[in-house]
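One structure below.
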Amino acid sequence: MKFNRILLSLVLSLSAGFANASDDAASLYATYEQKLSSNDLNGAYEALAQRRETDKDNLQYIYDEASFLMEYSDDKSDAFALLEEALKTAEKKQDKYWLPRLNELKAGALFFLGDYEEAYETGRKALSFFKGDEKDEELSDISQLMVGICTALNRHDEAVKYGLQSLDIRRTTAEENSQKVASSLSALSLSYLRSGDIEKAEDAIGESEKIYEKLGIAEPSFFQNKASIAFEKKDYASAQKLFSKAFELSENQSGNASTVISVLKSLSVCAQRQNNTDEASSYIEKAVSVASSAYGKEHPAMASVLNEKGLFEHSCGQYAKAMDTFADALGIYDKAYGERSQQSHDVLLSMYRCACDIVVNDDEAALKKAKDFMSDKFFTLETEDCSPVFLLAFGEWKMNSAACLFDYIPTVIDNNVDVLLSSDGSTVQKVQSSQLGTFNVSMQRDKARHDELLKLME
Numbered sequence: 020m021k022f023n024r025i026l027l028s029l030v031l032s033l034s035a036g037f038a039n040a041s042d043d044a045a046s047l048y049a050t051y052e053q054k055l056s057s058n059d060l061n062g063a064y065e066a067l068a069q070r071r072e073t074d075k076d077n078l079q080y081i082y083d084e085a086s087f088l089m090e091y092s093d094d095k096s097d098a099f100a101l102l103e104e105a106l107k108t109a110e111k112k113q114d115k116y117w118l119p120r121l122n123e124l125k126a127g128a129l130f131f132l133g134d135y136e137e138a139y140e141t142g143r144k145a146l147s148f149f150k151g152d153e154k155d156e157e158l159s160d161i162s163q164l165m166v167g168i169c170t171a172l173n174r175h176d177e178a179v180k181y182g183l184q185s186l187d188i189r190r191t192t193a194e195e196n197s198q199k200v201a202s203s204l205s206a207l208s209l210s211y212l213r214s215g216d217i218e219k220a221e222d223a224i225g226e227s228e229k230i231y232e233k234l235g236i237a238e239p240s241f242f243q244n245k246a247s248i249a250f251e252k253k254d255y256a257s258a259q260k261l262f263s264k265a266f267e268l269s270e271n272q273s274g275n276a277s278t279v280i281s282v283l284k285s286l287s288v289c290a291q292r293q294n295n296t297d298e299a300s301s302y303i304e305k306a307v308s309v310a311s312s313a314y315g316k317e318h319p320a321m322a323s324v325l326n327e328k329g330l331f332e333h334s335c336g337q338y339a340k341a342m343d344t345f346a347d348a349l350g351i352y353d354k355a356y357g358e359r360s361q362q363s364h365d366v367l368l369s370m371y372r373c374a375c376d377i378v379v380n381d382d383e384a385a386l387k388k389a390k391d392f393m394s395d396k397f398f399t400l401e402t403e404d405c406s407p408v409f410l411l412a413f414g415e416w417k418m419n420s421a422a423c424l425f426d427y428i429p430t431v432i433d434n435n436v437d438v439l440l441s442s443d444g445s446t447v448q449k450v451q452s453s454q455l456g457t458f459n460v461s462m463q464r465d466k467a468r469h470d471e472l473l474k475l476m477e
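This note's numbering applies: residue 20 is where the sequence shown begins, and numbers increase by one.
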């Protein structure tokens, strides 16, 4: 029976009176173990939920339930909600045992939900309860989690640091040929790869492989990481075989939708690099189907997959389709995180580049979509010393032109070009690009402001 969020919402509505008076916490936990051993995930979860109802402030009960959701439920939102409440209780009691453990689970939930910055801060909070030199299994688990979070944030040197810390502890607290040591080595290989040290990456994945082979364990993440190394070496055929193995191992595992989607996206890229466009498209469509089934059509995870689909369509020159797909992703992100979220901003940039290519390639069929998209967009420029100002022109670039601002700036920044700015939206000032120093450009949406700024350049 599939374990999904629809059933969870029913189970979560149980009241304490649902359980028979004779069902105490111990018997409910025994029921949970029996149901889990027979692969009845819904029954196992129902037992945990009923046990928590017998003592709603019991942190062990909440931790067990949240851990179950993290492992077996595709959507980690339910686990996150439980952990938020549990942390309030733990913080009120200043419970030093549960605070790091609950914060670790919360960081993991945030990571799966795509909020990497908040996951990083929560993970750091979990680590703050340790001095840093303890040979503690919990510390190694948190450090291992931080490897993935830092990798997602492109903080690869920091990921290596946490990976080495986790590996050192696990080699002390567990057997050398244990699954946890193999897992640490596998994760560390990806951190080395992302930091540019492919030799260390290959050494780490090789050590990990020997342990997994001795244990007789086929771990999907291992094959993903080994595939990533092959991909970096441009051995796309080998990478595709390894990613396919990871997909085969994870496709039918409960609570593994995010891994399946990640592998499918990697398979699509491998196929693209081998000029197998139809195959690449099939992988992307499969990822969309998995996301829709696991999360629903309005979930941020769905938006992430749609954004990947839009990028694929853009790369294939299917500009009109890409703009529509990006628009669907943007709508989900706007609703989930707000119009000023980083997720929405990233999609806007993808749409902007696509709109520019529509103009550059004279795609008459898609031109209206490009014009409609640019009809309310404008840019702001922010330096370290100044408040944000409206960016009107940068070198040859002007608002609504075909050249893509974010790809164009690096090619002209060293040429000391003219930059037109407006601090108030009514007057214009000209400066040399050399005077700006370090700056960031962001994209905004406001039809009235767009029209006002456009008049300044007439």
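All residues carry an ideal CB built from backbone N, CA and C; glycine is no exception.
Predicted, not measured: the structure shown is a model, and the values here were computed from it.
With DSSP run on the structure shown, which of helix, strand or coil describes residue i?
| i | result |
| --- | --- |
| F87 | helix |
| K113 | For the record, residue 113 in the displayed sequence is Gln; it is not Lys. If DSSP states are grouped into helix, strand and coil, Q113 belongs with coil. |
| L186 | helix |
| F266 | helix |
| E327 | helix |
| V309 | helix |
| E11 | Here the chain covers residues 20 to 477 and nothing more, so residue 11 does not appear. |
| E52 | helix |
| T73 | helix |
| K449 | strand |
| L209 | helix |
| K125 | helix |
| L101 | helix |
| K388 | helix |
| K154 | coil |
| K474 | helix |
| K95 | coil |
For residue i versus residue j, is the C-beta distance shorter than 8 Å?
| i | j | result |
| --- | --- | --- |
| G456 | E401 | no |
| A85 | L60 | no |
| K54 | A68 | no |
| A410 | T399 | Rather than Ala, the amino acid found at residue 410 in this sequence is Leu. Their beta carbons are under 8 Å apart, which means L410 touches T399 by this criterion. |
| Y302 | S287 | yes |
| M480 | Y338 | The displayed coordinates of the chain run from 20 to 477. Any statement about residue 480 would go beyond what the structure contains. |
| C375 | C423 | yes |
| A265 | Q293 | no |
| G182 | S202 | no |
| K252 | N196 | no |
| F397 | C373 | no |
| D395 | K466 | yes |
| A44 | D83 | no |
| A193 | G167 | no |
Straight-line CA distance for residue i to residue j?
| i | j | result |
| --- | --- | --- |
| G329 | F149 | 43 Å |
| G215 | L367 | 30 Å |
| G274 | L261 | 21 Å |
| D381 | Y427 | 19 Å |
| L283 | G444 | 46 Å |
| Q361 | F250 | 28 Å |
| P319 | S300 | 21 Å |
| K125 | S240 | 21 Å |
| A313 | L158 | 31 Å |
| Q198 | K95 | 25 Å |
| E270 | E304 | 15 Å |
| A389 | E471 | 20 Å |
| S92 | S442 | 49 Å |
| E327 | A348 | 9 Å |
| S32 | A100 | Any reading at S32 must be qualified, since the residue scores a pLDDT of 35, below 50, and its modelled position is unreliable; the value itself is stated next. Whole-angstrom Cα-Cα distance: 14 Å. |
| T108 | N122 | 12 Å |
| V408 | D176 | 34 Å |
| D297 | E332 | 11 Å |
| S41 | E72 | Note that S41 scores 37 on pLDDT, short of 50, meaning its location in the model is unreliable; the coordinates nonetheless yield the value given after this. Rounded to the nearest angstrom, the two C-alpha atoms are 14 Å apart. |
| T191 | V200 | 10 Å |
| R52 | D114 | First, the amino acid is wrong: residue 52 is Glu here, not Arg. Taking the straight line joining both Cα atoms gives about 27 Å. |
| C405 | K354 | 31 Å |
| D343 | I161 | 40 Å |
What residue does the beta strand (DSSP E) around residue i start on, and which one ends it?
| i | result |
| --- | --- |
| R464 | F458 to R464 |
| D437 | D437 to S441 |
| A412 | V408 to F413 |
Could you tell me the boundaries of the alpha helix (DSSP H) in which residue i lies?
| i | result |
| --- | --- |
| K219 | I217 to L234 |
| F149 | Per DSSP, F149 belongs to no alpha helix (DSSP H) and is neither H nor E. |
| L172 | Looking at the DSSP string, L172 is not in any alpha helix (DSSP H), and its letter there is neither H nor E. |
| L400 | Note, L400: premise wrong, no alpha helix (DSSP H); beta strand (DSSP E) at K396 to T402. |
| M342 | Y338 to Y356 |
| S287 | A276 to R292 |
| S240 | P239 to E251 |
| Q362 | Q361 to V379 |
Are the region 170-177 and the region 150-157 touching by the rule of at least three beta carbon pairs closer than 8 Å?
no
Does the region 253-260 come into contact with the region 215-225, if we say contact requires no fewer than three beta-carbon pairs (one atom in each stretch) closer than 8 Å?
no
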